[in-house]
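A.B. asks: Before we start, here is the structure in question, set down as structure tokens.
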Amino acid sequence: MEGIVPPQGGIGDLYSTIELHPLCSQADSNSHQRFRKPLFYPLNYGSVYLYILSKDRLKYKIMENCIFCQIVLGKLPCFKVYEDKKFLAFLDIYPRVEGHTLVIPKKHYRWVYDVPDFGTYWEVALKITKAMQKAFNPYFITYVTYGLHVPHAHIHILPRKKGEEEFVPEVKNINQDSLSKIAEKIRRYL
Ligand SMILES: [Zn+2]
């Protein structure tokens, strides 16, 4: 629970219960846990304290230990492929094929089916797929939604060459320089 700043100014009782996945908090648990977290942040405005409800800020705050939230916040680097207001796509740093891309919602949701703009989310995946077709002329392109390793919704997009027909291929060793070029190649067709 590091990084959570307790509210100042005597509003310690203004708490709300928020569900937090144990992997995000690195808590030791086999199931979802509930933590009491501040919902309000005080702002000293003259002699009056205003309490600002900032859902987004809160969401990002409580997911301090989620690596994808940190990528969204720019605290961790990524090889960016695509970005809009709600979604971000970047190369998987453990690529299973050349061009292996992850598409995530910028807000933290646990599973792909939890994302409210489900259709728009998949349209982003389609947009990237079309760019990959032009960039790599792949044999075919597959999608995987698994999500047990990082508890932030993500769609894997895997452009396959002939001979890469396994359901989930082995992790490939692709250096940073090549990853940067691969990301740039996809971006060029978006
Ligand atoms: Zn997250």
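In terms of our numbering, the sequence shown opens at residue 44 and continues consecutively. Each residue gets a CB set at the ideal place from its N, CA and C atoms; glycine is no exception.
1. Let me check understanding here. Comparing Cα to Cα, which of V193, M175, D157, D160 lies closest to R231?
2. Three or more C-beta pairs closer than 8 angstroms, one from the segment 145-162 and one from the segment 215-230: is that the case here?
3. Work out the CA separation of N180 and C109 for me, nearest whole Å.
4. Hey, Y125 and V167: beta-carbon distance below 8 angstroms or not?
5. Excluding five sequence neighbours on each side, which residues of the same chain lie with their C-beta closer than 6 angstroms to the C-beta of H143?
6. Where C112 and L119 are concerned, what is the direct C-alpha to C-alpha distance, given to the nearest angstrom?
7. Figure out for me which residue from V146, N216, K215 has the closest Cα to the Cα of V187.
8. To the nearest angstrom, how far is it from the Cα of V140 to the Cα of K128?
9. Just checking my contact of A132 with I171 at CB under 8 angstroms: how many whole Å lie between their CB atoms?
10. Could you round the C-beta distance between Y182 and F130 to whole angstroms and report it? I think they count as a contact, below 8 angstroms.
11. If you run the structure through DSSP and keep just helix, strand and coil, what is I147?
C.D. replies: Per the coordinate set shown:
1. Here residue 231 refers to the residue found at position 188 when the sequence shown is read from its first residue. Ranking the options by Cα distance to R231, first place goes to M175.
2. Short answer: they don't touch.
3. Your numbering for residue 109 matches position 66 in the sequence shown. Your numbering for residue 180 matches position 137 in the sequence shown. Going by the C-alpha atoms only, they are around 34 angstroms apart.
4. Sequence index remark: in the sequence shown, residue 125 carries index 82 (1-based). Sequence index remark: in the sequence shown, residue 167 carries index 124 (1-based). Between Y125 and V167, the gap from beta carbon to beta carbon is short of 8 angstroms.
5. In the sequence shown, counting from the first residue as 1, residue 143 sits at position 100. The residues are D135, L201.
6. One-based indexing of the sequence shown puts residue 112 at position 69. One-based indexing of the sequence shown puts residue 119 at position 76. Each residue's Cα considered, the two are about 9 angstroms apart.
7. Here residue 187 corresponds to residue number 144 of the sequence shown, with the count starting at 1. It is V146.
8. Start at 1 with the first residue of the sequence shown, and residue 140 comes out as number 97. Start at 1 with the first residue of the sequence shown, and residue 128 comes out as number 85. Here the C-alpha atom of V140 lies approximately 27 angstroms from the C-alpha atom of K128.
9. As a first step, residue 132 must be located in the sequence shown, where it is residue number 89. As a first step, residue 171 must be located in the sequence shown, where it is residue number 128. Indeed, because the Cβ distance is near 6 angstroms, the residues count as touching under 8 angstroms.
10. In the sequence shown, counting from the first residue as 1, residue 182 sits at position 139. In the sequence shown, counting from the first residue as 1, residue 130 sits at position 87. Contact between Y182 and F130 does not hold, since their C-beta atoms are separated by about 26 angstroms, which reaches or exceeds 8 angstroms.
11. Counted from its first residue, the sequence shown places residue 147 at position 104. When secondary structure is reduced to three states using DSSP, I147 falls in the strand class.
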